[in-house]
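Okay, structure first, notes after.
Residue numbers (our numbering): 41 to 482.
What follows is the structure, encoded as structure tokens:
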């Protein structure tokens with residue numbers, strides 16, 4: 041065993057003390073221990089693990105096992121008291137983006153939705169899934185041809201239903217990239233509360249965390265390499281040892297990305313940008329060239345990261361923010377659920393939509409290294425708080441709750457809907473203490 045260095049201990053002690061419900065207990069770094077195979081670089085295991093023993097200055101052990109039963113991910117054991125569940129997860133009291141989204145919808149007319157959504161958005165090219173949740177069971181039907189991404193909305197709804205009793209509601213999820221509802225509030229008829237993964241300044245969709253960061257949360261340490269936690273452990277060299285250039289790699293999904301490559305060719309001392317795949321502008325490949333793929337963790341070898349929209353908001357943005365490089369973010373009409381909490385010049389450096397000031401901002405960052413480092417760190421810490429797995433669950437639940445409160449009629453299982461079954465994990469033990477045993481009537 042070896043002593044835990046002071047800095048890692050301070051980073052970990054908050055989690056330890058919260059788990060132990062002893063926020064006032066002082067942890068002694070010299071007395072505390074950390075050990076285990078997960079700390080040895082040469083050990084390769086499916087999941088790295090190590091042990092912590094937090095001790096106070098008097099030698100008292102502050103760590104203990106979590107009180108009460110512990111359930112695995114596929115155990116269907118929902119908390120029947122949503123307020124208790126939210127308290128356990130330390131869900132925030134307010135989510136400004138949710139309040140803003142629902143300000144356009146003081147009430148939700150389910151019959152109007154049933155009549156209008158299929159006609160307006162459910163054509164052959166549509167990507168809409170119609171959901172009903174009743175008695176914590178999830179039903180759905182597809183509207184349109186391109187609904188394969190329902191696997192992502194299914195998995196988070198099923199995961200939520202295993203953890204907490206969901207309200208009864210009936211809603212529509214847009215599986216496409218672009219937000220759909222562009223009616224204004226003062227129009228007649230008014231906008232419909234379509235639920236989407238991306239919003240824009242000229243749309244009225246209700247926004248949920250993207251399928252990308254949601255899936256990476258659900259599959260962390262299993263089916264994905266880049267997730268919101270692994271990024272934080274792979275942020276490259278320390279700030280002083282990072283390459284002092286702005287960096288970008290990505291597809292050709294927006295014209296400004298092509299401009300970025302040309303800027304890089306003309307100013308290689310400031311910018312390293314390349315297109316890794318051509319689809320939208322195939323005629324430009326010969327002129328601009330095709331860059332080799334590079335692992336995402338290697339992005340953070342560079343001190344500055346350029347975030348440019350793709351078809352909509354770039355889904356890489358949360359991952360870039362969780363690294364310790366400075367993010368140079370393109371002005372954009374598109375946004376994700378957490379953008380409202382991030383401020384220019386505090387959490388990132390803004391660049392104009394046409395990229396005309398990008399090189400100027402890179403020069404500024406080089407000349408103001410300490411300020412650039414401070415902004416990068418502030419952005420990382422804020423993103424880390426906003427994008428923790430429990431915060432995503434809280435956000436999803438709060439959207440469903442606010443939607444259900446506004447329904448003017450009871451949701452129904454409509455024609456064509458099918459039950460979305462919970463995954464079968466019979467190999468794992470799931471003894472739910474919340475389920476009351478059935479008693480025979482005498």
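All C-beta atoms in this analysis are idealised placements derived from N, C-alpha and C, irrespective of residue type, glycine included.
Helix, strand or coil at residue i [DSSP, three-state]
i	result
residue 259	coil
residue 61	Any reading at residue 61 must be qualified, since the residue scores a pLDDT of 47, below 50, and its modelled position is unreliable; the value itself is stated next. Reduced to three states, the DSSP call for residue 61 is coil.
residue 291	strand
residue 419	helix
residue 384	strand
residue 235	strand
residue 158	helix
residue 286	strand
residue 222	coil
residue 271	helix
residue 171	strand
residue 307	coil
residue 314	strand
residue 402	helix
residue 207	coil
residue 240	strand
residue 73	strand
residue 373	coil
residue 391	strand
residue 458	strand
residue 67	coil
From the options, residue whose alpha carbon lies closest to that of residue i
i	options	result
residue 168	159, 199, 341 and 291	159
residue 296	257, 387, 395 and 273	395
residue 366	153, 336 and 406	406
residue 226	456, 244 and 116	244
residue 218	352, 179 and 178	352
residue 136	359, 398 and 376	376
residue 157	386, 234, 130 and 179	234
residue 175	131, 470 and 452	452
residue 399	286, 274 and 149	286
residue 278	220, 97, 338 and 347	338
residue 273	254, 280 and 364	364
residue 358	126, 266, 97 and 105	266
residue 281	432, 436, 133 and 344	344
Beta-carbon proximity list for residue i, same chain, < 7 angstroms, skipping 5 on both sides
i	result
residue 473	109
residue 62	Here the model assigns residue 62 a pLDDT of 46, short of 50, so the residue's position is not dependable, and the following value carries that caveat. Only 102 meet the Cβ criterion.
residue 80	none
residue 355	250 and 252
residue 147	446 and 448
residue 390	369, 371 and 384
8 angstroms contact criterion, which residue i and residue j should meet: CB distance rounded
i	j	result
residue 209	residue 440	6 angstroms
residue 333	residue 423	With 8 angstroms as the limit, residue 333 and residue 423 do not qualify as a contact, their Cβ atoms being about 25 angstroms apart.
residue 120	residue 205	5 angstroms
residue 202	residue 458	At roughly 19 angstroms, the Cβ-Cβ gap does not stay under 8 angstroms, so residue 202 and residue 458 are not in contact.
residue 185	residue 216	That pair is no contact at about 11 angstroms.
residue 450	residue 418	That belief does not hold up - the Cβ atoms of residue 450 and residue 418 are roughly 46 angstroms apart, past 8 angstroms.
residue 438	residue 138	6 angstroms
C-alpha gap between residue i and residue j, whole angstroms
i	j	result
residue 409	residue 341	16 angstroms
residue 171	residue 211	5 angstroms
residue 107	residue 124	15 angstroms
residue 401	residue 368	8 angstroms
residue 270	residue 427	13 angstroms
residue 247	residue 76	42 angstroms
residue 392	residue 304	17 angstroms
residue 144	residue 442	12 angstroms
residue 454	residue 153	12 angstroms
residue 78	residue 90	5 angstroms
residue 349	residue 313	14 angstroms
residue 141	residue 224	13 angstroms
residue 294	residue 122	42 angstroms
residue 117	residue 259	20 angstroms
residue 207	residue 421	33 angstroms
residue 311	residue 222	37 angstroms
residue 178	residue 197	8 angstroms
residue 300	residue 336	18 angstroms
Residues near residue i in its chain [Cβ-Cβ closer than 8 angstroms; skip 5 each side]
i	result
residue 95	67, 68, 71, 72, 73, 101 and 102
residue 318	291, 292, 324, 325 and 330
residue 415	366, 385, 386, 387, 388 and 389
residue 321	292, 295 and 298
Close Cβ partners of residue i (< 6 angstroms) along its chain, the five nearest in sequence each way excluded
i	result
residue 276	340 and 341
residue 465	114
residue 378	426
residue 129	430 and 434
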